[in-house]
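Engineer: This is the structure I want to talk about, given as structure tokens.
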Amino acid sequence: MNQTIFKGIKKNLVQSGASGECWIEELPTVLWSLRTTLSHNTGETPFSLVSCADAVLPAKVGLPTWRERGFDEVQNSHVLKEQLNFIDELRDKALFTMQKYEHLMARSYNRRVKAALYELEEMDGKPFPRTWHASKLSKFYYKV
1 MNQTIFKGIK KNLVQSGASG ECWIEELPTV LWSLRTTLSH NTGETPFSLV SCADAVLPAK
61 VGLPTWRERG FDEVQNSHVL KEQLNFIDEL RDKALFTMQK YEHLMARSYN RRVKAALYEL
121 EEMDGKPFPR TWHASKLSKF YYKV
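Going by UniProt numbering, the first residue of the sequence shown is number 1, and it counts up by one from there.
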């Protein structure tokens, strides 16, 4: 997560041509974008998993759109309370999507990895003449 934040700040600084000292000004923008971007393995935004609502970007709040014109505060609070009843279902769906994604990744990984014994050999490819089992080794202490 920290690496993603660092990459986002670096990208914004390079695009704006600013110096490295003003990274703190870019931090809220990067954090907001992380909260409102769909996660690949859950299929939901972190914001929607917490609040069960879609995020409205700050740039779109000032523009008069149909979404803001039809806003009724009483109806909105009622709808939000109803949506909170479905937040567990949304989280279960995200958990199922994440488990499916992990299963696909594990299957892809296991397809490429083969179980085999490792034969000890020297740098030139010759096998060691006498190998030993780890259980036969004992601790050895130097006497001073």
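All C-beta atoms, glycine included, are put in the ideal place defined by N, C-alpha and C.
#1: For A116, count neighbouring C-beta atoms within 10 Å of its own C-beta (all shown protein chains included) and say buried if the count is 16 or more, exposed if not.
#2: Answer yes or no: do L49 and T4 have a C-beta to C-beta separation smaller than 8 Å?
#3: Measure how close the beta-carbons of I9 and L27 come, nearest whole angstrom, since I'm counting them as under 8 Å.
#4: Is the CB of V14 under 8 Å away from at least one CB in chain D?
#5: Drop a sphere of 10 angstroms on the beta-carbon of T29, count the other beta-carbons inside from all chains shown, and report buried for 16 or more, exposed for fewer.
#6: Rounded to whole angstroms, what is the Cα-Cα separation between V79 and V113?
Structural biologist: Put simply:
#1: By the neighbour-count rule (16 or more Cβ atoms within 10 Å), A116 is not buried but exposed.
#2: In this structure, T4 does not lie closer than 8 Å to L49 by Cβ.
#3: Confirmed, about 7 Å.
#4: Of the protein chains in this structure there is only one, and it is not chain D.
#5: With fewer than 16 Cβ atoms within 10 Å of its Cβ, T29 is classed as exposed.
#6: Taking the straight line joining both Cα atoms gives about 50 Å.
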